[in-house]
Each structure stands twice: as structure tokens, then as C-alpha cells.
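**Student:** Residue numbers (the working numbering), protein chains in the order written: chain A, 1 to 396; chain B, 1001 to 1396. From the three backbone atoms N, C-alpha and C, an ideal C-beta is built for every residue, glycine too.
#1: Given this structure, state the Cα-to-Cα distance separating residue 1181 of chain B from residue 1081 of chain B, to the nearest angstrom.
#2: Would you mind sorting residue 291 of chain A into buried or exposed? The rule is 16 or more other CB atoms within 10 Å of its CB.
#3: Taking the straight line between their C-alpha atoms, what separation do you get for residue 1035 of chain B and residue 216 of chain A?
#4: Would residue 1084 of chain B count as contacting chain A if we go by Cβ distances under 7 angstroms?
#5: Would you give the residue range spanned by the beta strand (DSSP E) that residue 363 of chain A belongs to?
#6: Taking C-alpha atoms, which residue in B:1177, B:1054 and B:1112 lies nearest to residue 1143 of chain B?
#7: Identify each residue in the stretch 71 to 83 of chain A for which the Cβ-Cβ distance to at least one residue of chain B is less than 7 angstroms, and report them in chain order.
#8: For residue 25 of chain A, does the three-state DSSP call read helix, strand or coil?
#9: How is residue 339 of chain A classed by DSSP in three states: helix, strand or coil?
#10: Does the beta-carbon of residue 1000 of chain B have 16 or more other beta-carbons within 10 angstroms, so that it is buried, or is it exposed?
#11: Helix or strand or just coil, what does DSSP make of residue 1090 of chain B?
#12: Taking DSSP as the reference, what is the three-state secondary structure of residue 1471 of chain B?
#13: Would residue 1386 of chain B be called buried (16 or more neighbouring beta carbons within 10 Å of its own) or exposed?
#14: Anything in chain A within Cβ reach of residue 1114 of chain B, meaning under 8 angstroms, just list it in chain order.
#15: By how many angstroms is the C-alpha of residue 69 of chain A removed from the C-alpha of residue 1219 of chain B?
#16: Does the distance from the CB of residue 1233 of chain B to the CB of residue 1170 of chain B come in under 7 angstroms?
#17: What is the residue span of the alpha helix (DSSP H) that residue 253 of chain A lies within?
#18: Taking the C-alpha atoms as reference points, what is the distance between residue 207 of chain A and residue 1221 of chain B?
#19: Once you ignore the five residues that flank residue 1279 of chain B on each side, which residues in its own chain have a CB closer than 6 angstroms to its CB?
#20: Please report how far the alpha carbon of residue 1312 of chain B lies from the alpha carbon of residue 1266 of chain B, in whole angstroms.
#21: Can residue 1360 of chain B and residue 1239 of chain B be called in contact, C-beta distance under 7 angstroms?
#22: Does DSSP classify residue 1298 of chain B as helix, strand or coil?
#23: Determine contact between the stretch 1031 to 1049 of chain B and the stretch 1083 to 1097 of chain B, defined as no fewer than three beta-carbon pairs at a distance below 8 angstroms.
#24: Taking any Cβ of chain B, which residues in the stretch 184 to 197 of chain A have a Cβ under 7 angstroms from it, in chain order?
#25: Please identify the residue among B:1332, B:1352 and B:1199 whose C-alpha is closest to the C-alpha of residue 1364 of chain B.
#26: What does the alpha-carbon distance come out to for the pair residue 1004 of chain B and residue 1077 of chain B?
#27: How about residue 319 of chain A and residue 230 of chain A: do their beta carbons lie closer than 7 angstroms?
#28: Go ahead and pull the three-state DSSP assignment for residue 107 of chain A.
#29: Could you confirm whether any beta carbon from chain A is found closer than 7 angstroms to the beta carbon of residue 1270 of chain B?
#30: Rounded to the nearest angstrom, what separates residue 347 of chain A and residue 1375 of chain B at their Cα positions?
#31: Given a cut-off of 7 angstroms on the beta-carbon distance, is the pair residue 1226 of chain B and residue 1377 of chain B in contact?
#32: Tell me, which residues are paired with residue 1374 of chain B by DSSP?
#33: Mind listing which residues of the stretch 1278 to 1293 of chain B have their C-beta closer than 8 angstroms to chain A's C-betas, in chain order?
#34: Note down, in chain order, every chain A residue with its Cβ under 9 angstroms from the Cβ of residue 1328 of chain B.
#35: Can you pull the DSSP bridge partners for residue 191 of chain A?
#36: 7 angstroms is my cut-off, CB to CB: does residue 265 of chain A come that close to chain B?
What follows is the structure, encoded as C-alpha cells:
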């Protein structure tokens, strides 16, 4: 499809914002199957199918140079499309000619970064923690003012899942400033910013003075909020300490200690419900979610937000045994850190990984007021990529 | 755990808002395993484990009567907890006594609704459609003013995934009124309400005059927006017709016609990317998602928002063949409906199921301005439950 928007006449490749350093050069390029085989200077071999190469042509006729979105339609070329000529130009880029006269030029660093001839080994950069964890602590004002401090905070959030910010502003709604530093917040039925304090007619146990057992927030939603921020404005009440645990650490221990329970919680769905006067949320999903590599990617847990379990009769005892085991592990000191949120301190954590709780407090003994909000994981990861984006694009 | 919030002295069960009609009565109740076996008046047998029954005690000591959230902790009773006495009271409810003196009373309609002795057979209430589909059409003003009209519209959205609303208000931002009728909208990097018109420096192909091939919106996010609303304020340009297809219908046809392609698109992940100056979204997931019952639950497709595919070398040709087959099916008349959105008309559709497209238009020939927003599936389903909630609770 021809690009109707203004496109430069030159066939300059479209930078995709990422830098692809040329650590290895293309030693030779030749035909392979319908596509191309590259031999690299370090001895590695990459094989790319013809369709994959045609699909990824970065020229301004195939990718809209303004939106950087593809306009080429892969179904407009034959399934066995193969280059008619393969070469490496003087700058080290791969040049391909196609039967219809189209020409494609690929940056060698980009090609190497997208080689699929070896299985991807990238692991999620996660560091789990247990009792005695020294929670990474940041200066709230610096995070608000300085992009470098912001990036450090966000990377800590991604790797450890739990951080504290001190010296945060105390005015009402200040918690949203931190969400604004990432992108925008995730609204819920509890509002954009929610107030955690003892209320007269609470619509959640969070808004009572009750002890709250370790849980993730909003397990009743298909997508649990990614990040949770809780900024303490005042905490003069007796009790009301914060308790946190790394759900990934507990799940890893469960995997080793009672693998049958781990298997149950990754395969048998739990039921989650939250019913109020004006909303009625229900979802069904495993307490522990794995990705295709078997890595733990998510915990979903809220004892007070469960619905009646619904699995096959013969699976019910195992699901209960596994769930009880996980719940009792959340109470073991080896997994728990506890601290007191004081005025101006904000806890920021990965809500799909870190379980949080608070001890009961005495609302008559003094004020306790936290403000909270959520930001989704997509926004965290996008913001980290943007803050890391280097100005030069490294095109050859 | 004792409930610290005010609780009624009586052991009245906590209504959970739903009505459970008593279509069958409990004929007899006796011990089974650690729990209870019920024989029903229609001959059905239900078996409930002791832990399940204890877990679901609806009394005000186990469920906070104000928040309706559970405060009982299942790990505080023995794994083999079993009732010491089982009876049916004069109102037909099941009464259980527990070793620690606790007493539980269960509504028979609730018990029957939550019986897990037979596999759940509930199917997603979906009606797929193809070319020639007569799109359910509603009066926008009625939907804004009347809850009955609202419920009819939302149920049509859930079952067919595509609806039209006529006579909608034309003022700027009016599209948000429809989101407000459900809950709140889903914000994205394109704003709370987005404007679809030809822009000078577009950050998406949507904001050009280009043809847009059939796609879901925001396939680059972990959770694609559930509902999309597109309200036309003016459409005086030549071209720019709307084209829609039921992705579930196409996927079902693919499942029958080329099952190997269906299998590929449900198991091999695709890569989705959207990079702009201030955001960089990436996700990985199959084009067709199934639930545990093999039902199609989601389509993820956007040719212009793909990243380089990354699957094993030997799987790459199959993934391309399957993707090309799906793309070419989206262009077959048997699946497509096309219509013209005129001023005051709003298309509302399930963005995780219905593919939408528009033909290229000539921005010089006249104005074309649509405003859009998203609402998530959780909110749609919650709102339907609330609108259907009957005033009486049917407790016995």
C-alpha cells in the first residue's frame, strides 16, 4: 500500500528509537531456504526467512515515517517471496533486492538483536526478597524533579517490586504527582485517588480499622493494577503498621517445598468477587501465574475478596490445601517485612507481586490517612524505555 | 477473627445482592467425606467438602456485613474440619454445627447455584455474525436517559459485540457521557477522549487519511481496551467508510478450514509494538486467545502495530502462513459489514473481538471528525450485573 501521507523521497530507513550497537559485523551473507543466512564476525549464524525479511523492511514506503507504523501488508507478496540479490554494503548493512523491484536495507545491529536462530534467553530482571529486606528508599522530591532519580526509582520498582519514598509532599492529591511522572493513573470504582482511612459506611475492608491480611489489590479485575502508591499524610493512630511480602519469593519457596501445591495454584483457578451497591466485579484465575518459560509473573490473592471456589469435586481438597499452605506461608517471618509509614512517606510497589497488609489500628487514638492510586505495568515499562532511550539512533 | 466493625447481634446471613430462586428443595442432607451430601427434590446430588462449607459461611462473624467482604480466615480451622451436626430447618435452609461451636446456615438456592458436583456448562453468551449482519441499533438519547434502554444496549454489546447508536449528542466530549453510563473510561496515551481526524504530525496511522486495515485497538497493551466507542461529529469527506468484522467468526472459520493455522495463532505469540516520542509499548501474545474450555475469548490484531516476530526458526513459516491466512480472511465479503458513520451516529463495539477498519478518505473534500473512548470489560460486566440486580434478595 502506498503511503498517502508525506514521505521523504529518499529511501532512508525509519529509526525505531532504539540504539543497536554494532558489536559484530556481517562476515558473509548468502541465500538460505526462502531467505538469507548471515555469518557474523564472532562465528554466529543467523537465518532469516524471506517473508520475515520482507515484513521487516524499514524503508519509508513500508513504514510511515511520521507515525513509524507499518503500512506494508505482508499478504500482498507471495508466501515464498525470496530476495533476488543479497549483498552487504560498504557501511556493513544487509541489502536485499526483491522480485518486484523493491529494495530493502537492514542495519546489522538491528538484525543481530532480532536474530531468532537461537532461543531467546532473556529473563525477567527480578530480585526476590524476604524478611529483613532493606527496602530501597528514594527522595520523593528528587523523583518529582529529576529524570535520573525517576529512572533509578522505576528500575528499583521493576526489579525488587517494593520501594519507599521519603520527603513526599503532603497536600491532598499529591500522590497523583508520582503517577504523572510515569504516565497517567489507572482509575477504578474507588476513584482516581483513593483515601485509606476508617469510614462510617465502608465499601471495602480497607476502609475499616480491621487488620487486613496480605493481599494484592483488585484481584477481582481481569488485569490487577500494576503499581500501587500509598502516600501517608498522617499516621498518629496506635497500630496500623504496614506489612509486606514478596509473593514471588513465597511462590518460589512453595515450588520447592510442596511442588504439588505450587502446581495446584498455577493450574486450578480461584474465584474472586467484590460486590457493592453500585458495582459487582468477578473474575476467575490462578493465584500464581507463570509465563511460557515457567517463570512466575503474577500473584493474585485477597482472602476477603474470594468467591465460592468452583473446580471439579476431586480437585477441591488439593486447591484448599494449596491455598491454605500459601496463606500460612504469608504469615512466616522469613517472608515478611514490616515498617511504619509516617507522614511524608510513600510505599510504592508492584501490586501483582508484592502482598501488602496492615495491622489493625485504633481510630480513637489518632488520625490515620493515606492516599493511594494505581498505575499499570504497561506504563511503567514504557516510561523506563523512554527514560533509557538514547538520543542517537545508531543507524548506519 | 472477630469483626471489629459494627455487626448486628443476630446471626442473619449477609445478602450477597444476587437472587437465588429456590427451584428445587433439599430432600435430605447427610455426611459425605469431610462434608455434606445433599439430595435435591429433582433427584440431583450435590457434595460439598467441609472446608468449602466452612469457608462459605455467610454469617456476620465470617463476612463483614457492611463491606460484605470475608473476615473469616480459612487457615484458622483444621484441614479436615467437618460439621458435627447436619440438618435442614423449617425454611428449607441447610444448618451445620462445627466442632468449635460455630453455626452456619445456607440458603438452598445459593447452594444449588454453587454446586460443583457437575462440571459447569455455562457458555459465554456469544452470537457471531458475518457479512450482511443487521447491526443492532439503539437510540442514543434513550440509552443516556433510561436504565432499561441502557441494559438492552449493553447486553447486545456483550452478545454481538457490535452496535450502533443514532441521535447521539454532537457537542465535544459527548462520547464520554456513554462511558459514564457504564462506569468510567479507560485512559490511554492518546488521552481520555481521542480525536480521529487527519492531523499534520500524527502519532498513529489512525490520525492520517490512510486506509486502516481491520484491527483491534491497542494490541500493544497487556489488556486491550474492552469496549470502543466512536462517535461521529461530522463526516463530509469523500471516502472514510467504516468496515467491521467479527473476529470470533473468522477465527471459528479458521478453526474448521485450516486447523493447523488456528493452532498456530492460538499458541505462537505475535509481537506488538507502538513507539512514539514519549511512549514505547511492547507486548507479546497470540492473535487468538482461548479459555480453558477452548472457547475463543479474544482477538489481538493490528498489522501496523507489529514488531519483528520472534518464535523458533522452525515455527516461523507456519506463523507467517497462519497470520497471512487470517489477514486474507479479514478481506472476504462473508465476514465484513460496511457502513457510513454520519453525524450523530456512534459505533460501539467489543474491541477484543470486533475488528474495525476505515477506507482512505480525501481530507480536502470535507471535514471528518470522530471522537472516541474506551471502557474496560470488567466495567461492562459489572454494570450489566448491577442493572439486572433485583431489589429482593430471596433469602429464606
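**Tutor:** In terms of the structure at hand:
#1: 46 angstroms
#2: exposed
#3: 30 angstroms
#4: False, the Cβ-Cβ gap to chain A never drops below 7 angstroms.
#5: Where residue 363 of chain A is concerned, there is no enclosing beta strand (DSSP E), given that its DSSP letter is neither H nor E.
#6: For residue 1143 of chain B, the closest of B:1177, B:1054 and B:1112 by C-alpha to C-alpha distance is B:1177.
#7: 71, 73, 74, 75 and 79
#8: coil
#9: strand
#10: Coverage of chain B is limited to positions 1001 through 1396, which leaves residue 1000 of chain B absent and any answer about it impossible.
#11: coil
#12: The question about residue 1471 of chain B has no answer, for chain B in this structure spans 1001 to 1396.
#13: buried
#14: 308 and 310
#15: 13 angstroms
#16: Yes, these two residues count as a Cβ contact at 7 angstroms.
#17: 247 to 257
#18: 31 angstroms
#19: 1189
#20: Going by the C-alpha atoms only, they are around 15 angstroms apart.
#21: yes
#22: strand
#23: yes
#24: Cβ contacts with chain B come from 184, 187 and 189.
#25: B:1199
#26: Only weak support is given to the placement of residue 1004 of chain B: the predicted model assigns it a pLDDT of 33, under 50, and the value that follows is read from those uncertain coordinates. Near 20 angstroms, if we compare the C-alpha coordinates of residue 1077 of chain B and residue 1004 of chain B.
#27: no
#28: coil
#29: no
#30: Distance between the alpha carbons of residue 347 of chain A and residue 1375 of chain B is about 29 angstroms.
#31: Closer than 7 angstroms, so yes.
#32: When DSSP reads this structure, residue 1374 of chain B sits in a beta bridge with B:1186 and B:1228.
#33: 1278, 1279, 1280, 1281, 1282, 1283 and 1292
#34: 75
#35: DSSP lists A:188 as the bridge partner or partners of residue 191 of chain A.
#36: no
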